[in-house]
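Trainee:
In our numbering, the protein residues as written are 5 to 130.
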(Lines of atoms letter the chains of each structure in order from A; the text may use other names.)
(Lines give C-alpha, C1' and ligand atoms only; values in the text may rest on other atoms or scores of the structure.)
Protein backbone atom coordinates (compact mmCIF):
# COMPACT_ATOMS: atom_id res chain seq x y z
CA UNK A 5 0.00 0.00 0.00
CA UNK A 6 1.36 3.37 -1.03
CA UNK A 7 0.23 5.38 1.98
CA UNK A 8 1.53 6.41 5.41
CA UNK A 9 2.00 3.50 7.81
CA UNK A 10 -0.61 4.81 10.31
CA UNK A 11 -3.26 4.96 7.55
CA UNK A 12 -2.30 1.49 6.32
CA UNK A 13 -2.66 0.13 9.86
CA UNK A 14 -6.07 1.81 10.30
CA UNK A 15 -7.41 0.46 6.99
CA UNK A 16 -6.07 -3.03 7.66
CA UNK A 17 -7.76 -2.97 11.08
CA UNK A 18 -10.97 -1.88 9.36
CA UNK A 19 -10.72 -4.69 6.82
CA UNK A 20 -10.22 -7.22 9.61
CA UNK A 21 -13.03 -5.75 11.75
CA UNK A 22 -15.78 -5.27 9.17
CA UNK A 23 -17.07 -8.88 9.27
CA UNK A 24 -17.90 -8.41 13.00
CA UNK A 25 -21.34 -6.77 13.28
CA UNK A 26 -20.35 -4.95 16.49
CA UNK A 27 -17.68 -2.90 14.67
CA UNK A 28 -18.63 0.45 13.15
CA UNK A 29 -16.32 2.81 11.27
CA UNK A 30 -16.46 6.33 9.94
CA UNK A 31 -14.19 6.94 6.97
CA UNK A 32 -13.70 10.55 5.93
CA UNK A 33 -12.06 11.53 2.66
CA UNK A 34 -12.00 14.49 0.34
CA UNK A 35 -13.90 12.52 -2.30
CA UNK A 36 -14.77 9.12 -3.69
CA UNK A 37 -15.28 8.12 -7.30
CA UNK A 38 -18.02 5.82 -8.50
CA UNK A 39 -16.49 2.78 -10.20
CA UNK A 40 -18.66 1.95 -13.16
CA UNK A 41 -18.36 0.97 -16.76
CA UNK A 42 -19.01 4.02 -18.88
CA UNK A 43 -19.88 3.21 -22.47
CA UNK A 44 -19.98 6.93 -23.26
CA UNK A 45 -16.31 7.47 -22.30
CA UNK A 46 -17.09 9.94 -19.49
CA UNK A 47 -15.15 9.78 -16.27
CA UNK A 48 -16.93 8.15 -13.31
CA UNK A 49 -18.95 10.44 -11.06
CA UNK A 50 -17.00 12.06 -8.20
CA UNK A 51 -18.62 12.80 -4.85
CA UNK A 52 -16.84 15.48 -2.81
CA UNK A 53 -16.62 15.50 0.99
CA UNK A 54 -17.04 11.77 1.43
CA UNK A 55 -18.12 10.71 4.90
CA UNK A 56 -19.08 7.05 5.09
CA UNK A 57 -20.43 5.00 7.97
CA UNK A 58 -19.16 1.49 7.35
CA UNK A 59 -20.13 -1.75 9.05
CA UNK A 60 -20.87 -5.32 8.02
CA UNK A 61 -24.36 -4.36 6.82
CA UNK A 62 -23.38 -1.34 4.72
CA UNK A 63 -20.09 -2.54 3.26
CA UNK A 64 -18.89 -5.47 1.18
CA UNK A 65 -15.97 -6.36 -1.11
CA UNK A 66 -13.56 -4.09 0.81
CA UNK A 67 -10.28 -4.19 -1.13
CA UNK A 68 -6.99 -2.49 -0.30
CA UNK A 69 -5.09 -1.85 -3.52
CA UNK A 70 -1.71 -0.28 -4.20
CA UNK A 71 -2.92 3.36 -4.29
CA UNK A 72 -6.61 3.25 -3.36
CA UNK A 73 -9.27 1.30 -1.58
CA UNK A 74 -12.37 0.05 -3.32
CA UNK A 75 -15.57 -1.13 -1.74
CA UNK A 76 -19.22 -1.72 -2.39
CA UNK A 77 -21.34 0.46 -0.13
CA UNK A 78 -24.98 1.33 0.50
CA UNK A 79 -25.25 5.07 -0.09
CA UNK A 80 -28.99 5.45 0.46
CA UNK A 81 -30.67 3.91 3.51
CA UNK A 82 -33.98 3.90 1.65
CA UNK A 83 -32.60 1.72 -1.17
CA UNK A 84 -31.05 -1.27 0.59
CA UNK A 85 -30.55 -3.29 -2.59
CA UNK A 86 -28.57 -0.60 -4.46
CA UNK A 87 -24.89 -1.29 -3.87
CA UNK A 88 -22.44 1.21 -5.35
CA UNK A 89 -18.78 0.42 -6.06
CA UNK A 90 -16.55 3.33 -5.03
CA UNK A 91 -12.85 4.05 -5.14
CA UNK A 92 -10.97 6.29 -2.69
CA UNK A 93 -7.29 7.20 -3.22
CA UNK A 94 -5.33 6.82 0.02
CA UNK A 95 -4.03 10.36 -0.40
CA UNK A 96 -7.61 11.65 0.01
CA UNK A 97 -8.38 9.90 3.33
CA UNK A 98 -8.03 12.17 6.35
CA UNK A 99 -9.92 10.45 9.20
CA UNK A 100 -10.77 6.89 10.25
CA UNK A 101 -12.84 6.34 13.40
CA UNK A 102 -13.89 3.10 15.11
CA UNK A 103 -16.55 2.11 17.62
CA UNK A 104 -17.42 -1.29 18.97
CA UNK A 105 -21.04 -1.55 20.08
CA UNK A 106 -23.94 -3.99 20.08
CA UNK A 107 -26.53 -1.39 19.13
CA UNK A 108 -26.47 1.85 17.23
CA UNK A 109 -23.21 3.77 17.57
CA UNK A 110 -22.93 6.38 20.31
CA UNK A 111 -22.12 9.78 18.76
CA UNK A 112 -19.53 10.44 21.47
CA UNK A 113 -17.88 7.03 21.63
CA UNK A 114 -15.58 7.00 18.59
CA UNK A 115 -11.88 6.10 18.80
CA UNK A 116 -9.55 7.71 16.28
CA UNK A 117 -7.59 5.15 14.26
CA UNK A 118 -6.10 7.72 11.91
CA UNK A 119 -6.26 11.49 11.48
CA UNK A 120 -4.29 13.83 9.19
CA UNK A 121 -5.62 17.37 9.08
CA UNK A 122 -3.19 18.29 6.27
CA UNK A 123 -4.88 15.75 3.95
CA UNK A 124 -8.27 17.47 4.32
CA UNK A 125 -8.86 19.77 1.34
CA UNK A 126 -11.90 21.60 0.07
CA UNK A 127 -13.20 20.74 -3.40
CA UNK A 128 -12.45 23.07 -6.27
CA UNK A 129 -14.93 25.89 -6.75
CA UNK A 130 -16.66 26.26 -10.08
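By construction, the Cβ of each residue, glycine as well, lies at the ideal position given by its N, Cα and C atoms.
1. Give me the Cα-Cα distance between residue 9 and residue 84, rounded to the nearest whole angstrom.
2. Can you tell me where the beta strand (DSSP E) with residue 56 in it begins and where it stops?
3. For residue 116, which residues from the same chain have a beta carbon less than 7 Å from its beta carbon, with the 5 sequence-adjacent residues on both sides left out?
4. Under 8 Å between the Cβ atoms of residue 58 and residue 15?
5. Are the CB atoms of residue 98 and residue 120 nearer to each other than 8 Å?
6. Round the Cβ separation of residue 35 and residue 54 to the nearest angstrom and send it over; I've been treating them as touching at under 8 Å.
7. Roughly how many whole angstroms lie between the Cα atoms of residue 188 and residue 28?
8. When the Cα atoms are used, what is the spatial distance from residue 122 to residue 11?
9. Would you decide whether residue 33 is buried or exposed? Buried here means 16 or more other CB atoms lie within 10 Å of its CB.
10. Please report the straight-line C-alpha distance between residue 7 and residue 95, rounded to a whole angstrom.
11. For residue 93, report the span of its beta strand (DSSP E) as first-last.
12. Between the Cα of residue 79 and those of 38, 24, 126, spot the shortest distance and give me the residue it belongs to.
Mentor: If we stick to the structure as given:
1. 34 Å
2. 50–58
3. 101
4. no
5. yes
6. Their Cβ separation, rounded to whole angstroms, is 6 Å, which keeps residue 35 and residue 54 in contact under 8 Å.
7. The structure shown does not extend to residue 188, since the chain spans only 5 to 130, so no value can be given for it.
8. 13 Å
9. buried
10. 7 Å
11. 87–93
12. Among 38, 24, 126, the Cα nearest to that of residue 79 is on 38.
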